[in-house]
Amino acid sequence: MEERDDRLAWLEAKVVSSLKKNQTDLFKKMLAKEDSRTSISEFLDMSDVRHLYVFFAISGADSMVASLTPPTSITKKLLYFIKRSACEITLDNVASEILSGEIATAPLKHMLTLCSEIYLPFMKRQDLPEDVLKESSEALQQFIGSAYVALGNTQGKTLLPLLPGTSSDKSSSSSSSTKARASRAGGDDGDEDVPFEEEEVLDDDTTEQTQSSSSSSSSSFEPGRDKVFALESA
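Numbering-wise (the working numbering), the sequence shown opens with residue 3 and increments by one.
Structure follows, in structure tokens:
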């Protein structure tokens, strides 16, 4: 019986760590329910039961349920516990044999944020061969772009793949500005017109002097052309 209590203490620590401070008593309330207590006992004691799900009940925001099957929908978050192999959980293997994690109400958006803001920057800081790092980064960026498009489909929106380093939470105007800056820096025309200042209009005398200088030297200075080039390089 003491062993069972210690295993429950391990589960409780995992559940409570993902809750707010005013929700730490929800695990004890959940154990008071026969269905939840039975599911936890079967998960710990039966080797063929390899999955346990803990989630907020749909009927109440302050009520949690433990079940051997996942819910049809997630109200706040879902915690999952998975055995690495078919075995009975003991005090000695509870920490090494059980994998745990949580899923938010919007799992696709959660995964997208995790990949773009955690995994991708972490990967770029690794000391790897340049070709391996480039190939891996491009593969992850392609996955992030596909996930962003899929996120739009779930919301009934048409979203274009993210540019590398662009957060999914930024507004479309910010994304357009980023694309414009990328086009100027790379010398690419891009998909959008980049606004420039109007070219300075030259008077007749200046025009004649420019044409005369152009005929006498192949490396002439053309004020209008060089001004545009300066703007593009800025």
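Backbone N, C-alpha and C fix where the C-beta goes; we use that ideal spot for every residue, glycine too.
Distance, Cα to Cα, residue i vs residue j?
| i | j | result |
| --- | --- | --- |
| Arg186 | Gln143 | Interpretation of Arg186 is limited by its pLDDT of 45, a score under 50 that renders its predicted location unreliable; the figure taken from the coordinates is listed afterwards. Between Arg186 and Gln143, the C-alpha separation is close to 22 Å. |
| Ser38 | Glu132 | 51 Å |
| Phe58 | Met32 | 10 Å |
| Lys136 | Arg127 | 12 Å |
| Ser177 | Met125 | Model confidence at Ser177 stands at a pLDDT of 41, short of 50, so the residue's coordinates are unreliable and nothing is read from them. |
| Gly147 | Thr160 | 13 Å |
| Leu130 | Ser139 | 11 Å |
| Ser49 | Ser87 | 8 Å |
| Leu10 | Glu36 | 15 Å |
| Ala108 | Gly158 | 15 Å |
| Lys22 | Pro72 | 22 Å |
| Phe45 | Ala106 | 23 Å |
| Val151 | Val134 | 26 Å |
| Ala34 | Pro163 | 48 Å |
Please tell me whether residue i and residue j are closer than 7 Å, where the distance is taken between their beta carbons.
| i | j | result |
| --- | --- | --- |
| Glu104 | Lys85 | no |
| Leu93 | Asp8 | yes |
| Leu114 | Ala149 | yes |
| Asp47 | Glu90 | yes |
| Trp12 | Val96 | yes |
| Leu2 | Phe83 | Because residue 2 is not part of the residues shown, which for the chain are 3 to 236, the question remains open. |
Tell me which residue opens and which closes the alpha helix (DSSP H) that residue i is part of.
| i | result |
| --- | --- |
| Glu104 | No alpha helix (DSSP H) holds Glu104; the beta strand (DSSP E) holding it covers Ile100 to Ala106. |
| Tyr55 | No alpha helix (DSSP H) contains Tyr55, which is instead part of the beta strand (DSSP E) from His53 to Phe58. |
| Lys31 | Leu28 to Leu33 |
| Ser69 | Note, Ser69: premise wrong, no alpha helix (DSSP H); beta strand (DSSP E) at Met66 to Ser69. |
Return the Cβ separation of residue i and residue j in integer angstroms, given the expectation that the two are a contact with Cβ distance under 8 Å.
| i | j | result |
| --- | --- | --- |
| Ser41 | Leu70 | 5 Å |
| Thr156 | Leu110 | 6 Å |
| Ser20 | Lys79 | 7 Å |
Residues in its own chain within less than 7 Å of residue i by CB, not counting five upstream and five downstream?
| i | result |
| --- | --- |
| Val17 | Phe29, Val56 and Leu81 |
| Thr26 | Val18 |
| Ile120 | none |
| Val51 | Glu44, Phe45 and Leu70 |
Using C-beta distances below 6 Å, list every residue in its chain close to residue i, excluding the 5 sequence neighbours before and after it, in chain order.
| i | result |
| --- | --- |
| Ser118 | Ile146 |
| Ile60 | Thr77 |
| Ser65 | Ala59 |
| Leu204 | Because the pLDDT of Leu204 is 44, which lies under 50, any placement of that residue in the model is unreliable, and the number read from its coordinates should be weighed accordingly. Result list for Leu204: empty, nothing under 6 Å. |
Taking 6 Å as the cut-off, is the C-beta of residue i nearer than that to any heavy atom in the ligand FMN?
| i | result |
| --- | --- |
| Gln143 | The model on display carries no ligand, and the ligand FMN is accordingly not part of it. |
Excluding five sequence neighbours on each side, which residues of the same chain lie with their C-beta closer than 8 Å to the C-beta of residue i?
| i | result |
| --- | --- |
| Leu153 | Leu110, Lys111, Leu114, Leu161 and Ser170 |
Go to residue i, then tell me how far its beta strand (DSSP E) extends in each direction, as first and last residue.
| i | result |
| --- | --- |
| Ala152 | Unbroken run through Ala152 is the alpha helix (DSSP H), Glu132 to Thr156; no beta strand (DSSP E). |
| Lys85 | Lys79 to Lys85 |
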